[in-house]
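S.K.: Please find one structure pasted underneath; my questions will follow.
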Amino acid sequence: MPKINAYINFNNTCREAMTFYQECFGGELSLTVVGESPMKDMFPAEHQNSILHADLTGGDFTLLATDLPGPNKVFSAGSIVLTLVCDTKAELERLFGKLSEGGNVTHPVMQFYAGSMGNVTDKFGVAWGVFSAEK
1 MPKINAYINF
11 NNTCREAMTF
21 YQECFGGELS
31 LTVVGESPMK
41 DMFPAEHQNS
51 ILHADLTGGD
61 FTLLATDLPG
71 PNKVFSAGSI
81 VLTLVCDTKA
91 ELERLFGKLS
101 EGGNVTHPVM
111 QFYAGSMGNV
121 TDKFGVAWGV
131 FSAEK
């Protein structure tokens with residue numbers, strides 16, 4: 001069964017915000033900077049110091065975030081994407097397909113350095129990121 005998390009989009013305040021949330025809630029904070037990631041060549045110079053991915057995990061919560069606006073700038077600062085963390089790529093593809101019915105695929109399922117992912121806005125207007133560590 002997949003796990004659902006919130007994924008917050010920030011406008012270059014991700015590091016500050018996630019550090020604040022860590023002070024509030026505790027947990028372990030992991031920050032991946034664009035320029036230090038295997039994906040750095042996919043981004044322009046102005047994004048090299050941005051946070052590609054932040055992960056704050058503690059007890060029973062996981063809060064995810066980024067400084068990047070998403071494909072085609074479809075996410076604005078402060079917007080939240082619900083993320084499905086799937087055990088397998090097959091589960092990812094099944095759920096992505098179901099969420100896509102009547103919705104809008106904003107980023108097709110693709111392989112990236114840490115697994116597979118895709119983004120879709122469902123027929124109710126809810127934005128979803130679907131992830132699996134399995135490539």
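Okay, so the sequence shown: first residue is 1 according to the UniProt record's numbering, each after it adds one.
Here a beta-carbon is modelled for each residue, glycine too, at the ideal position from N, C-alpha and C.
Ordered along the chain, which non-local residues of its own chain (more than five positions away) have a Cβ less than 7 Å from that of Q111?
M.R.: The answer, listed in chain order, is K135.
S.K.: Starting from E28 and walking both ways along the beta strand (DSSP E), at which residues does that stretch end?
M.R.: Per DSSP, E28 belongs to the beta strand (DSSP E) from 28-33.
S.K.: What's the call for Y7, buried or exposed, on a 16-neighbour Cβ count within 10 Å?
M.R.: Looking at its Cβ environment, which holds 16 or more other Cβ atoms inside 10 Å, Y7 is buried.
S.K.: In three-state DSSP terms, what is G115?
M.R.: Of the three classes helix, strand and coil, the one that applies to G115 here is strand, per DSSP.
S.K.: Report the residue ranges of all beta strand (DSSP E) runs contained in full by the stretch 38-71; include only those spanning at least 3 residues, in chain order.
M.R.: You should have 51-58, 61-66.
S.K.: Quick check on S79: does DSSP put it in helix, strand or coil?
M.R.: Coil at S79, not helix or strand.
S.K.: Which residues share a DSSP beta bridge with C86?
M.R.: C86 pairs with S132.
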